Amino acid sequence: MMDWLLIALALSVLIFFFYPQQLAVSLYKLNLIAMGGFGGYWLDRSLFPYARPDRFYPKDDEDERDIEGGGLLFDLDCQLQNDMLFAIAQIRRAVIVAAFMIAIGLGA
6 MMDWLLIALA LSVLIFFFYP QQLAVSLYKL NLIAMGGFGG YWLDRSLFPY
56 ARPDRFYPKD DEDERDIEGG GLLFDLDCQL QNDMLFAIAQ IRRAVIVAAF
106 MIAIGLGA
């Protein structure tokens, strides 16, 4: 990841030297994409509160309360039979976030 950050910074410096008027536009687009990712993540969390890719919320008969918030959750390592559900939830979140980022990036 650090390589990509350095490449992006080097390209930003080149843009600044050759086309300084475009730097504001580049920063504006970067801001739009970042806000799109943030909005897509929270849209997924609000639409699917019980189907999160990092937690499993069991049925009432398998009730286990967590100490901090009272939410129902199990560790991922004890839920091997639900691997496909976790994979689908991860793909769902990635698609929602990507669609949100593209929509915001193209819309402005």
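Under my numbering, the residue at position 24 of the sequence shown is numbered 29, and the numbers go up by one with no gaps. In this text, a Cβ means the ideal position worked out from N, Cα and C, and glycines have one as well. Note that the structure is predicted; figures quoted are calculated from it, not measured.
Could you compute how far the alpha carbon of residue i sits from the alpha carbon of residue j?
i: residue 93; j: residue 99; result: 10 Å
i: residue 16; j: residue 55; result: 41 Å
i: residue 122; j: residue 35; result: Lying before the first or after the last residue shown, residue 122 is absent from the chain, which here runs from 6 to 113.
i: residue 51; j: residue 43; result: 12 Å
i: residue 11; j: residue 32; result: 16 Å
i: residue 49; j: residue 41; result: 12 Å
i: residue 90; j: residue 53; result: 13 Å
i: residue 109; j: residue 102; result: 11 Å
i: residue 8; j: residue 60; result: 31 Å
Near residue i, what residues of its chain come up, given a Cβ to Cβ distance below 7 Å and the 5 sequence neighbours on each side ignored?
i: residue 66; result: In this prediction, residue 66 has a pLDDT of 47, which is less than 50 and means its spatial position is unreliable; what the coordinates show is noted afterwards. None.
Chain B beta carbons: is any one of them nearer than 8 Å to that of residue i?
i: residue 38; result: Protein chain content of the structure displayed is limited to a single chain, and chain B is not contained in it.
I'd like the list of long-range same chain contacts for residue i, defined as Cβ closer than 8 Å, with 5 residues on each side in sequence excluded.
i: residue 28; result: 17, 20 and 21
Excluding five sequence neighbours on each side, which residues of the same chain lie with their C-beta closer than 6 Å to the C-beta of residue i?
i: residue 95; result: 58
i: residue 105; result: 41, 44 and 45
- Whole runs of the beta strand (DSSP E) within the segment 18–44, excluding any shorter than 3 residues: none
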